[in-house]
Structure formats: structure tokens, C-alpha cells
Amino acid sequence: MKGVVIGGEVGAIIAREKPGEKIELGELLISDNSSSKILLQVYDLSYGSQFSQQDRELMSGIHMEDSDTDFFEKEHRSYVLAKMKSLLTIRQSGSSQTVSSTKDLPDFFSSLREVCVDDLGFLNSSNNSLFLGNVRSGSKVLDVPVRLDGRSVLSHHILVTGTTGRGKSVFLSTLLWEIVKNDWCGVLVLDPHDEYIGRVRVGLKDHPRSEKIFYYTSDSSFPGCRSLKICISVLKPGHFDGIVEWSSAQEDCINAYYRRNPSGWIEDIIMEVPLSDSRFHESTVAVVKRRILNILNLSISNNNIVGSGIFDVVHGEGTVRDIVNILRNGCIVLVDTSRIGGRTELLLGSIVSNEILKSSKIFGEKNISILIEEAPRVLGIDVLERGSNIFATIAREGRKFGVGLIAVTQLPSLIPRSILANMNTKIILGTEMKPERTAIIESASQDLSSDDRAIASLDKGEAIITTNFSRFAIPVKFPSFEEHVLRDKSEKIQKRLFGS
Ligand SMILES: Nc1ncnc2c1ncn2[C@@H]1O[C@H](COP(=O)(O)OP(=O)(O)O)[C@@H](O)[C@H]1O
Ligand SMILES: [Mg+2]
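Heads up, the sequence shown is in this note's numbering, so the first residue is 39 and it goes up one at a time.
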């Protein structure tokens with residue numbers, strides 16, 4: 039027994055802690071009734087005492103002077119009070135469980151116990167295919183895997199948020215590792231820290247199905263990698279939306295060149311090939327040319343266009359098409375963007391994402407997700423005020439075609455509410471800053487208004503998952519990636535040796 043219900047109201051049930059027990063913030067407790075049980079979660083702790091403040095001050099003073107004197111009935115008269123909210127009512131019939139939202143209060147003076155594995159069997163339903171972590175009760179980790187319906191979760195977008203260093207990348211490594219095991223989802227990963235392949239440590243290259251991982255990088259020394267080159271002939275004006283801001287005259291100029299020569303418009307601008315109707319001021323063309331050279335990292339040498347970044351005049355004509363095909367086959371494309379600038383990374387993301395959405399509108403038989411770090415770079419309020427872009431389009435309508443975002447940020451408050459609300463699964467890791475917690479709590483799928491303190495105090499790898507695909511906001515602990523890979527591999531070997 040951990041404590042006894044002694045009062046309160048719906049959403050703020052109060053229990054007294056049993057002497058000698060320690061109830062933690064975020065802990066899950068069970069109140070058993072004859073026909074059902076209520077799952078409760080602690081969200082606040084305080085002291086209670088029957089002594090007046092004055093008496094307590096006096097007694098502690100005497101106690102400090104003379105350590106022989108003891109407090110009068112210390113454990114009985116002073117205690118800890120826990121404030122709890124009910125998460126669910128669980129009804130057990132035989133071996134099956136049904137869950138519903140709680141509409142009543144636990145019995146007065148009923149005792150509370152720790153949650154155990156059997157209480158949470160309902161989390162293990164068969165269509166829940168995607169492992170995310172283990173259920174956590176306070177800081178204790180239970181042997182209950184949290185699995186959700188992967189196809190729905192991924193197509194309805196995921197937001198991963200938390201202060202730097204709280205475990206976003208570790209969680210994402212595990213998530214990608216799990217997605218590779220399934221064949222219904224391709225993921226495009228724009229990886230600005232080049233951390234998911236595992237160049238020096240364990241990474242996706244070590245996956246038993248590593249043939250499903252395609253690694254694009256401009257450092258060709260990595261075994262089996264693909265060269266990151268994109269031919270400028272595949273670029274379209276729309277690819278620059280939200281990444282580069284053009285004046286309206288510049289935009290008109292670009293569109294005119296594109297209309298005249300859809301696969302050679304960039305070359306034409308750079309070479310200053312005159313348009314037949316020269317509506318445009320020479321200086322406009324010159325500015326557009328200069329900006330394009332700069333953005334695409336191109337230069338002119340001996341009257342030839344030379345690329346010194348990922349964009350090229352000759353090579354890489356099939357790169358985008360190949361990437362989209364790989365994704366449509368349910369594989370993972372890791373793009374090492376650590377060697378290219380942030381804007382080039384976003385432009386590359388925009389080019390591929392445009393083609394993904396276009397292809398999924400036609401075929402759409404598989405899920406495709408796009409993982410993007412520092413998401414406010416493309417989904418920020420200030421960015422979207424200047425004009426929409428493909429990432430915002432996908433956030434709004436991608437799910438109809440199975441295209442989802444996995445947006446990572448430590449600053450969710452910079453993303454407009456309408457887009458946050460569209461991200462139907464939020465992985466909330468420890469968040470120190472109050473405005474960030476507020477933005478996330480206000481757009482969560484469940485009522486997290488009492489979890490502000492719990493979110494602030496989440497440790498590395500601890501999280502709360504709030505999603506439309508679960509009945510309650512699930513407290514979880516993510517494994518460390520190395521630990522997960524080791525356990526996964528040893529389970530596989532055991533299965534092979536001893537059968538399942
Ligand atoms: N689930 C976890 N279990 C144990 N340690 C973790 C876990 N997640 C993160 N860490 C530790 O925290 C460090 C930072 O994690 P990381 O995922 O890089 O944070 P972020 O991407 O949020 O900045 C890791 O190097 C690791 O040491
Ligand atoms: Mg990170």
C-alpha cells in the first residue's frame with residue numbers, strides 16, 4: 039500500500055502517503071474497486087500536519103537543542119499529501135481489459151497501490167506496431183512497452199520537443215531503428231549532426247536490415263554511401279518557397295525564365311540569356327543571378343557553371359527521383375547535411391519533400407515521414423508570415439496522403455498554434471523554459487494543465503507522450519540507444535536459439 043484517499047475532487051484527488059513509503063511526482067497508482075480499478079497519477083506533493091506551524095517551530099527548536107526529545111507521534115500527525123488526477127478506469131473481464139475515461143471518484147479512504155505490469159495489459163494491443171519506450175511511474179521504469187499504431191501516428195505528424203541534451207536524438211535513433219523493422223514506412227532524415235548512421239558509435243548502419251538504410255553524404259569515404267549531388271535541372275521555382283525570399287519583381291523574373299525553359303531556367307538566368315519580352319530590368323536579372331549563385335553555391339569559370347556544393351550542372355539528375363523511390367519502398371534515407379549550410383539543407387528538404395508529396399498523391403500506398411531538426415526554421419511563425427512552404431503544406435494536409443512530419447525542436451512556442459494542433463503526437467522531453475511548456479501543454483491531445491512541474495523535472499530519456507492515439511498521456515522512459523540495440527539483438531539471438 040502506498041497511501042489512502044482522504045479527499046479532494048475530480049482532477050485533484052488527495053491521498054495521504056503511508057509512513058515509510060515514498061510517493062513521487064508523476065507516479066502511477068491504482069485504486070481497486072470491486073468491479074474496476076482507477077489509474078491515478080500524482081502531480082503535486084505537499085506536507086500536511088495536525089500541529090500548528092507555531093507548534094512545529096517550537097518542537098523542532100527543542101529537538102535541535104536536545105536530540106533526546108522526540109516529536110510527539112511524529113508519523114501519525116505529520117505526513118505527505120499527494121494530489122492526483124485520474125487517467126482511466128480499467129475493467130477486467132477474464133483476461134481481457136476494457137478502458138474508459140473515469141467518471142467517478144475512488145472510494146473514500148480506499149487504499150492506493152503501485153501500478154503493476156498486469157494493470158496495463160491494454161497497452162499491448164495487436165495493431166499497435168511501433169515501440170516507443172517503456173511505461174514510467176515517477177522515475178521507476180515498468181516492464182511494459184509502449185506501442186502505438188505506427189501508421190496513424192506517423193501520418194498524423196510527430197513533434198519531438200525538449201531542452202537540448204534531454205534525449206531527443208537518442209529517442210529518434212530508437213524510433214528510426216524500430217521503423218526500419220516494418221515495411222510500411224519510408225523516412226527521409228535530414229541529419230544536420232550526422233548522428234544517426236553511427237560513423238563512430240553504434241547507429242543505423244548496424245541494423246540487421248541495414249540494406250534498408252540509404253546514406254547520402256558529400257563525404258564519399260563512408261563505405262556504401264551515395265553521393266549527395268543534385269542537378270540544377272530538377273529545380274523548380276516552388277522549391278525555394280519559404281527558404282528564399284524574393285521580391286515580387288524577382289519572382290516574376292524567375293517564373294518567366296521557368297516558363298520558357300523548365301529544365302534550363304537556372305542556367306539561363308546565370309548565363310543572362312535574354313528573354314524575348316524583356317519586361318525585366320537588367321538589374322533584376324543580375325540580382326536574381328547573384329542570389330542563385332550564392333544559394334546554390336555555384337560560380338562561373340571560363341564561361342562554365344561550376345558547382346562547389348551539392349548542386350551541379352551535370353551530375354545528380356536522378357538523385358531526387360531515386361530518393362523518392364527508396365522512400366516509397368519503405369526504406370530510410372539518411373541525408374548527412376552536416377557538411378552543407380542550413381539554408382542548403384532546407385532547400386534540399388524542400389525539393390525532396392515536394393516530390394514526396396506529389397508522388398504520394400498519386401501512389402500513396404506507403405507512409406512516408408520527413409524528419410527535420412530545428413523545425414521552426416521552416417515552421418516558425420515568422421517564416422510562415424512571409425509565405426507558406428512545403429513543410430507547412432504537409433503539416434496541414436499530408437496525412438490524407440500518408441505523408442507525415444517528424445518535427446524536432448526545443449522551441450515549440452515559435453511554431454503557430456494551428457500547426458502544433460495538427461501534430462497529433464507530441465513527445466515531450468524535459469523542458470526548462472516556461473513559455474515552451476505552455477505552448478506544448480496548450481496544444482496537447484490530453485489535458486496536461488497539471489503537468490507543468492512534471493515536464494520541467496523530466497530527466498534525460500524521460501518523457502510524456504500525448505497523442506490522439508492513446509486514451510491518456512503516457513509517461514515513458516526511452517532506453518538509451520546502445521541499450522536498445524543490445525537488447526534487441528540478444529532477443530533475436532535467443533529467439534533463434536530457443537524459439538519464441
Ligand atoms: N534514454 C536515455 N537514457 C540514458 N541516457 C540518455 C537517454 N537519452 C539521452 N541520454 C543522454 O543524454 C545525452 C544527450 O542526448 P541527446 O539525445 O543528444 O539530446 P538532444 O538531442 O535532446 O540534445 C546523450 O548523449 C546521453 O548520454
Ligand atoms: Mg539532438
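Quick reminder that beta carbons are idealized off the backbone N, C-alpha and C, glycines included.
First through last residue of the beta strand (DSSP E) which encompasses residue i
i	result
residue 171	168-175
residue 157	Unbroken run through residue 157: none, as it is neither H nor E.
residue 116	116-131
residue 57	Counting along the chain, residue 57 falls outside any beta strand (DSSP E), and DSSP gives it neither H nor E.
residue 67	66-70
residue 513	512-515
residue 61	Taken as a continuous stretch (DSSP letters only), residue 61 belongs to no beta strand (DSSP E), as it is neither H nor E.
First and last residue of the uninterrupted alpha helix (DSSP H) at residue i
i	result
residue 290	286-298
residue 208	206-219
residue 392	380-400
residue 92	91-103
residue 193	188-193
residue 360	357-366
residue 456	455-460
residue 490	490-494
residue 142	Unbroken run through residue 142: none, as it is neither H nor E.
residue 478	472-480
residue 306	303-308
Beta carbon proximity, residue i to chain B, threshold 8 Å
i	result
residue 416	Among the protein chains of the structure shown there is no chain B, as only one such chain exists.
C-alpha gap between residue i and residue j, whole angstroms
i	j	result
residue 157	residue 128	8 Å
residue 341	residue 454	46 Å
residue 117	residue 240	47 Å
residue 402	residue 439	6 Å
residue 333	residue 392	19 Å
residue 287	residue 303	16 Å
residue 420	residue 344	34 Å
residue 244	residue 312	53 Å
residue 234	residue 278	27 Å
residue 493	residue 273	43 Å
residue 356	residue 534	40 Å
residue 222	residue 399	16 Å
residue 271	residue 432	24 Å
residue 437	residue 320	44 Å
residue 82	residue 468	17 Å
residue 488	residue 512	14 Å
residue 41	residue 151	7 Å
residue 197	residue 444	6 Å
residue 78	residue 463	22 Å
Per DSSP, cross-strand counterpart(s) of residue i
i	result
residue 254	264 and 373
residue 149	42
residue 349	268
residue 427	Partner(s): none; residue 427 has no beta bridge.
residue 344	337
residue 135	130
residue 442	407
residue 467	501
residue 178	175
residue 50	47
residue 75	70 and 128
residue 246	In the DSSP output, where bridge partners are listed per residue, residue 246 has none listed.
residue 82	121
residue 199	447 and 466
residue 229	374
Residue burial classification, residue i (beta-carbon count within 10 angstroms, cutoff 16)
i	result
residue 396	exposed
residue 65	buried
residue 96	exposed
residue 448	buried
residue 412	buried
residue 202	exposed
residue 59	exposed
residue 324	exposed
residue 154	exposed
residue 262	exposed
residue 315	exposed
residue 414	buried
residue 238	exposed
residue 388	buried
Quiz item: What residues come near ligand 4, if near means a beta carbon less than 6 Å from any of its heavy atoms?
Solution: In the structure on display, ligand 4 does not appear, and the ligands it does have are ligand 1 and ligand 2.
Quiz item: Quick check: the region 475-486 against the region 456-464, are there 3 or more CB pairs under 8 Å?
Solution: Output reads yes: the region 456-464 touches the region 475-486.
Quiz item: At a cut of 8 Å, does the region 284-300 reach the region 380-398 through at least three beta carbon pairs?
Solution: Of all C-beta pairs linking the region 284-300 to the region 380-398, fewer than three are shorter than 8 Å, placing the two stretches out of contact.
Self-check item: Sufficient close CB pairs (3 or more, under 8 Å) joining the region 138-150 to the region 44-58
Solution: Verdict: yes, contact present.
Quiz item: If we count Cβ pairs, one from each stretch, closer than 8 Å, do we get three or more for the region 170-177 versus the region 514-523?
Solution: Between the region 170-177 and the region 514-523, the count of C-beta pairs closer than 8 Å reaches three or more; the two stretches touch.
Quiz item: Does the region 528-536 come close enough to the region 218-235 to have 3 or more Cβ pairs within less than 8 Å?
Solution: Judged by Cβ distances under 8 Å, the region 528-536 makes no contact with the region 218-235, as fewer than three pairs qualify.
Quiz item: Is there contact here, the region 363-375 with the region 251-260, by at least three beta-carbon pairs under 8 Å?
Solution: Yes: at least three Cβ pairs fall under 8 Å.
Practice problem: For the region 351-365 and the region 214-221, state whether three or more C-beta atom pairs, one from each stretch, are separated by less than 8 Å. | Solution: Verdict: no, contact absent.
Quiz item: Can at least three beta-carbon pairs, one atom from the region 94-113 and one from the region 62-80, be found at a separation below 8 Å?
Solution: No, they do not touch.
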